[in-house]
Amino acid sequence: MHRTRSVVAASVVLTLGISSFAVARNGDVVTQGTRNGTTTKETQIIANIGTTNANTGGFSTRQSNKSSTGGGATYGCRAEAAPANKPCLRANNLATGLAFEFQATKGATGGTITVGGGGDAAKPFTTNATGVADGLNADRVDGQNAADIVTAARANTKTRWLLVNEFGEIVAQSGGFRVLDAYATNDNVYIDSGEDLTDNGLAATIAVRNVEGSFGGEIAASRCQIAGAVECAPTSAKNNQAFVVAPRNSDGSGTTAQTRKRFYVVVTE
20 MHRTRSVVAA
30 SVVLTLGISS
40 FAVARNGDVV
50 TQGTRNGTTT
60 KETQIIANIG
70 TTNANTGGFS
80 TRQSNKSSTG
90 GGATYGCRAE
100 AAPANKPCLR
110 ANNLATGLAF
120 EFQATKGATG
130 GTITVGGGGD
140 AAKPFTTNAT
150 GVADGLNADR
160 VDGQNAADIV
170 TAARANTKTR
180 WLLVNEFGEI
190 VAQSGGFRVL
200 DAYATNDNVY
210 IDSGEDLTDN
220 GLAATIAVRN
230 VEGSFGGEIA
240 ASRCQIAGAV
250 ECAPTSAKNN
260 QAFVVAPRNS
270 DGSGTTAQTR
280 KRFYVVVTE
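Numbering (our numbering), first residue to last: 20 to 288.
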């Protein structure tokens, strides 16, 4: 009897020892609280459950963690970036309903998408859908919508202007301009803008007068001292604040006191 008890005890110990080091095989049951090893076949759970409005039910499986620290489920894989490889997680609706749904019931942030180290080369996701996503605030940049951005751009764009008469005199302006040389050194007018024009826009146009012969002519303008392009003649105009306006007759010839026109110049930042 004593020997029989010893054999039974040894068998139990041996069984426990084998079980504690067992590796999951195809067909094994899932064991709670332990790692269930590696299987070489796909595990399928197929159900036929009707939808319901109850708190539970209507899904083939359910995973939940009642702990306040979270952690309902995690999925990981080692898929390389190849067209035939599968993603770590896939939801495929074969009918016309939703393929996924995420809900943060009380939180202020729905979730995060992290791609590698981030940066412009990393895309959070791609889609072939080009319709408008309802509720997605895609028309905002730094809290501003398209209309706000246009308004701010216009407010930050500074436009200055002046009107010069036939004698090379400023008769109207937004402020800050003065004539350096008007038809004295050559057939051009040189004007000081009062600021650096390196990154500014510059445009000139003939100012029409309601008299015969005032509709012809040409005009050009440029900032002074552009290397390899523009070298202004007067010494006072050899700087980045000065610009030159060149009124010409329609045939390209220089103007005279009898053929000179009034002109506008607009400077934009």
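The beta-carbon is built from N, C-alpha and C at its ideal position, and this holds for glycine as well.
Which residues mark the beginning and the end of the beta strand (DSSP E) in which residue i is found?
i	result
Leu108	Run containing Leu108: none; DSSP gives neither H nor E here.
Tyr283	281-287
Ala246	Unbroken run through Ala246: none, as it is neither H nor E.
Gln63	Element bounds for Gln63: n/a, residue is neither H nor E.
Thr178	178-183
Ile210	208-211
Val190	189-192
Helix or strand or just coil, what does DSSP make of residue i?
i	result
Thr93	coil
Gly271	coil
Asp47	coil
Ala100	coil
Val151	coil
Val261	The question names Val, but residue 261 is Ala in the sequence shown. The answer is strand: DSSP assigns Ala261 an E or B state.
Ala171	helix
Ala166	helix
Ala239	strand
Pro266	strand
Val42	Low confidence applies here, because Val42 scores a pLDDT of 49, under 50, leaving its location unreliable; read the following figure in that light. The answer is coil: DSSP assigns Val42 none of H, G, I, E or B.
When DSSP builds the beta bridges, which residues end up paired with residue i?
i	result
Thr224	Tyr283
Tyr202	Its beta-bridge partners do not exist; DSSP assigns none.
Ile216	The question names Ile, but residue 216 in the sequence shown is Leu. Note: Leu216 sits in no beta bridge, so no partner.
Phe121	According to DSSP, which records beta bridges pairwise, Phe121 is partnered with nothing at all.
Arg81	Looking at the DSSP assignment, Arg81 forms no beta bridge with any residue, so it has no partner.
Arg197	Asp211
Pro253	DSSP lists no partner for Pro253.
Between residue i and the ligand ZN, is the CB less than 7 Å from at least one heavy atom?
i	result
Ser255	Ligands in the displayed structure: none, and consequently the ligand ZN is not present.
Legend entry - Three-pair Cβ contact test at 8 Å for the segment 234-247 versus the segment 256-268: yes
Inset, instruction - Determine, using beta-carbon pairs with one atom in the segment 245-253 and one in the segment 137-156, whether at least three such pairs fall under 8 Å. - result: no
Legend entry - contact_flag[the segment 280-287, the segment 175-182] where n(CB pairs < 8 Å) is 3 or more: yes
Legend entry - Segment contact, 8 Å Cβ cut-off, at least three pairs: the segment 253-260 with the segment 199-215: yes
Inset, instruction - For the segment 60-67 and the segment 77-90, state whether three or more C-beta atom pairs, one from each stretch, are separated by less than 8 Å. - result: yes
Legend entry - Stretch-stretch touch, CB-based, cutoff 8 Å, three pairs: the segment 211-231 with the segment 190-197: yes
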